[in-house]
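Residue numbers (the UniProt record's numbering): 1 to 493.
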C-alpha cells in the first residue's frame, strides 16, 4: 500500500482560507493514490491559528469534513489517515474526535532500549567489552530517534579514535593498511560513553534533562545523619518494594538551610549511589510569560521523571517556584496556579513508586504551607554550617582528597584555625584558594629556575595559611541565629 506523507507545517498557510485550500488539495491528491495511507505529521499545527495560540475553527471544520468524505467517493479503495503529534495537549478536542483510535507511544523501558540498541548495532562491529545493559541504564528517557543519534555519535567517536591512533604511527606498510580496512571500525564501550556524554551535554539546557550524576559519598564530607535519613526515604522503597505495596510511602524530602551548605551536592550524591537518574530543575526555569505555559512546564518535568524512572527530581530554589499563595503579588495569579499544579503532581507520585522528589531552599518560611503537609515535602532536613571541628575536618578531607598535600599539612590543624561559622562553600573556597596559591608559587619557582618538574603540584601548609587570612564567612552570626529559630519553628509545627 502506498504511503503519502505530509507535514502539517507545510500546509499551514498565512491565512485560514489558504490553509483550508491546502488541506483540500492534500485529500484530493490522496484519493488519486488510493488505496493508500495518508500520513500527517505534526497534526497539532493544523488546529492552531497562525500565532499558535488559539484554535482555528475554520481549518478544523474543513479537515473534519474531508476526513468524513475521504472514503465517500466512487472509488472502492480506502484512504487510511494516520496522524502524529508530539503532545495530545496541543490538539483541539474537535480535532481529536475525528480519529477513531488514539495510541500513546510511551517512552521505552530499559529492556526496550536494550533491544533497540541491539537492533541498531546488528550490522556494526562491536567490541566484546560493549555492555548493552549499561547503555540501556544510562539512556533513561531516550526514544528511538535519540538512540539512533547515540549510535551515530558512537561511530564518529570510533572513527576519531582510530584516526588519532594512525596519526601516532610513524608509517604504515601497504599490508598493514589493508588489514585495518578489512578489520573495519570496532565500536567500544568507551566510544559509547563519550558519545553519551556529548549528547547529554548538548541537551543539558533542556528543562529536566535526565542523567546520572558522577558524585559519590566521598565527595560529601560529614552529614552522616542527613545521608541516612534520605536513604531511608529513597533506597528502602527501591530495595524492598513489596513492603511498600500498601502505598504508605514518603517520596518528598526538603533540604533547607543557609546557602552553601551542600544541598545540591547531597542530592546528586544520593542519585549516584542509588543508581538513579537525576533531573535538576531551578524554580525560575519553569516560569513562563504565556498563560498556562508555566503549569505545562511543571507537568512536563514530572512526565520526564516518570519516563526516566527510577528517578530523583531535584527542585533548586523551590521558594521561587512555590511561594505562599495569595502573597506572590502577580496580577494574573500565575504563581498560585503553578503551586496548585505542583501540589497535584506531588499527590500523583504515589502511583509511581520509583520517582522521588528533593527540594532545596534557603527560605523555607516563604514556601506555601500546603507543600509541607504529609505525602508531599513531609521530611524536612536542616543543613547548617559545620559547627564542630570533626565536621570541618571531614569536609576538608573530602575537598582535598585529590590534592597532593605536603608532609606538613594536617587537616586537623587547618580546621583548628577556621571559625565555626563556615559553610561547605566557604571551605571549598578555602581549598580552592590554597590550590591557587600553590600554583602561583610553582609558576614563580619555574620562572626563577628553582624547579624543573612541571607535572607535580604540592599544596603546602603555608598555602592554607595564606588562604585563611583572606577568608570571610559568607553567613553572619545573626543569619545563623535566624536559621536556628526557623528550624525550631518548623519542627514545632
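Ideal placement from N, C-alpha and C gives every residue a C-beta, glycine not left out.
- In its chain, beyond the 5 residues on either side, 406, 408 and 409 have a beta carbon closer than 7 Å to the beta carbon of residue 461.
- DSSP places residue 145 in the helix class (H, G or I) of the three-state scheme.
- In the DSSP secondary-structure assignment, residue 4 is bridged to 38.
- Per the C-alpha coordinates, the member of 357, 412 and 68 positioned closest to residue 392 is 412.
- Out of 47, 427, 109 and 111, the CA that lies nearest to the CA of residue 475 is found in 427.
- Of the candidates 478, 486, 481 and 440, the residue whose Cα lies closest to the Cα of residue 467 is 440.
- In the DSSP assignment, residue 316 falls outside any alpha helix (DSSP H) and within the unbroken beta strand (DSSP E) covering 311-316.
- Taking a cut-off of 8 Å on C-beta distances, the segment 159-168 does not touch the segment 225-237, as fewer than three cross pairs fall below it.
- Counting C-beta pairs with one atom in each stretch, the segment 280-288 and the segment 363-377 have fewer than three that are closer than 8 Å, which means they do not touch.
- Bridge partners of residue 356 according to DSSP: 312.
- Per DSSP, reduced to three states, the secondary structure at residue 382 is strand.
- Between residue 97 and residue 145, the alpha-carbon positions lie close to 29 Å from each other.
- In the three-state scheme derived from DSSP, where H, G and I count as helix and E and B as strand, residue 185 is classed as coil.
- Rounded to whole angstroms, the separation of the alpha carbons of residue 321 and residue 301 is 13 Å.
- Residue pairing from DSSP places residue 256 in a beta bridge opposite 361 and 382.
- When C-beta atoms of the segment 56-70 are compared with those of the segment 102-116, fewer than three pairs fall below 8 Å, so the two segments do not count as touching.
- Residue pairing for residue 126: DSSP places it in a beta bridge opposite 187.
- Rounded to whole angstroms, the separation of the alpha carbons of residue 154 and residue 112 is 20 Å.
- Between the beta-carbon of residue 56 and that of residue 87 there is about 17 Å, and that puts the pair past the 8 Å contact cut.
- Note on geometry: alpha-carbon atoms of residue 419 and residue 489 lie some 27 Å from one another.
- Annotation for residue 382: 256, 257 and 487 place their beta carbon closer than 7 Å to its own, counting only its chain and skipping 5 residues before and after.
- Per the Cβ contact rule, the segment 447-460 is not in contact with the segment 352-367 (fewer than 3 Cβ pairs under 8 Å).
- Counting the other CB atoms within 10 Å of its CB gives residue 128 a total below 16, which places it among the exposed residues.
- A straight-line Cα-Cα distance of about 19 Å links residue 117 and residue 309.
- Between the beta-carbon of residue 389 and that of residue 415 there is about 5 Å, and that keeps the pair under the 8 Å contact cut.
- A check of alpha carbon separations from residue 267 across 290, 219, 307 and 292 identifies 219 as the nearest.
- Per the DSSP secondary-structure output, residue 164 pairs with nothing in a beta bridge.
- Around the Cβ of residue 341, a 10 Å sphere holds 16 or more other Cβ atoms; the residue is buried.
- Separation of residue 307 and residue 139 (C-alpha to C-alpha, rounded to the nearest whole angstrom) is 11 Å.
- Counted as a single uninterrupted DSSP element, the alpha helix (DSSP H) harbouring residue 414 occupies residues 411-416.
- Distances from the alpha-carbon of residue 83 to those of 125, 3, 313 and 324 put 3 closest.
- Beta-bridge pairing by DSSP links residue 81 to 38.
- Here residue 442 carries a helix assignment [DSSP, helix/strand/coil].
- Put simply, of 76, 28, 402 and 384 the residue whose alpha carbon is nearest the alpha carbon of residue 262 is 384.
- Distance between residue 293 and residue 336, taken at the CA atoms: about 13 Å.
- Approximately 6 Å separates the beta-carbon atoms of residue 252 and residue 346; this is inside 8 Å, confirming the contact.
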